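Novice: To start, I am sharing the structure in question, which I have written as structure tokens.
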Amino acid sequence: MSPRLDRPAPPYVQIAEHYRLLIRNGELTEGAKLPSVVEIANDWKVATATAAKALNQLRVEGYVRSTNQGTFASLEHKQTTGPDRLQMLRATGNGYRPGEIVEVVSAELVDANESVASALELPVGYTTVRRRRVYRDDLGVVAVSTSWLPGDLADVAPELLLTQPLPKMTFGLIEDRTGRRLVRRRDVVAVQPAPADVAEILGIEVGVPSLTMTNLYWDDEGKPTEFAIDFLAAGRELSAEYSLD
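Okay, structure coming up:
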């Protein structure tokens, strides 16, 4: 086995993660004021440039907004994606951000079409579980999310076919029932025409170009376990974090 270095994250990343978790967990609610750059620098014993870089990282990710009055928690337009939810679930036991609710509008067995079959490495027509969820917050619909899973997972997790939220979400249920831990994912962001059933929920015309994120997850056996696509409502945005240090 090759040796690995265990290097701590840069200070600004650690500071940003501290406040990011407070916001995600609801300890800093919408509109709550964060400490100033000087206060963060003093509390964390870092340079003001480092503190400013941490707050800027949170702004880029959509967790805060800044005015001449200070910096405030703000998740009004941030889209929580599948990978975000998995990270939150493992960190806090809860995959939803503050103020967000989910409605499972359908859960059923369907035959895999060509794109689903290709993603899950199954034959076309193979039985899959299809779950559709609508995420909402106090501004309305956040996203319409549809996921497909191999149908045999319904044998060990029949809850997948119930139209109700799962206590540990799809990720946690699969890991608990199969022992197969999710270890890899691929994300694709694209603009796609909204199909009729999704457009109706989003309140837009059929075929209107919409921002989407498609996710594919693999377990520790190298098998695809879930293929999902989220159609975002108007005014929502995607963000990603990259450390360049």
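The sequence shown: position 174 = 174 (the UniProt record's numbering), numbered continuously.
Each residue gets a CB set at the ideal place from its N, CA and C atoms; glycine is no exception.
Given the structure is predicted, the values throughout are model-derived calculations rather than measurements.
(1) What number of angstroms, rounded off, separates the C-alpha of Leu-149 from the C-alpha of Ala-194?
(2) Along the alpha helix (DSSP H) that carries Val-116, what are the first and last residues, could you check?
(3) Name the one or two DSSP bridge partners that Tyr-217 has.
(4) Taking DSSP as the reference, what is the three-state secondary structure of Ile-101?
(5) Do Arg-177 and Val-156 count as a contact pair if the criterion is CB distance below 8 Å?
(6) My parser needs the alpha helix (DSSP H) runs of 4 or more residues fully inside the segment 102-178; what are they?
(7) Suppose you measure from the CA of Thr-225 to the CA of Asn-215; what does that come to, to the nearest Å?
(8) Looking at C-alpha atoms only, which residue of Glu-114, Phe-72 and Asp-230 is the closest neighbour of Gly-125?
(9) Tell me, to the nearest whole angstrom, how far the beta carbon of Ala-107 is from that of Thr-163; I am working on the premise that it is less than 8 Å.
(10) Do Leu-202 and Val-144 have their C-beta atoms closer together than 8 Å?
Specialist: Short version:
(1) 22 Å
(2) 114-120
(3) Arg-185 and Glu-226
(4) strand
(5) yes
(6) 114-120, 153-156 and 169-178
(7) 11 Å
(8) Glu-114
(9) 5 Å
(10) yes
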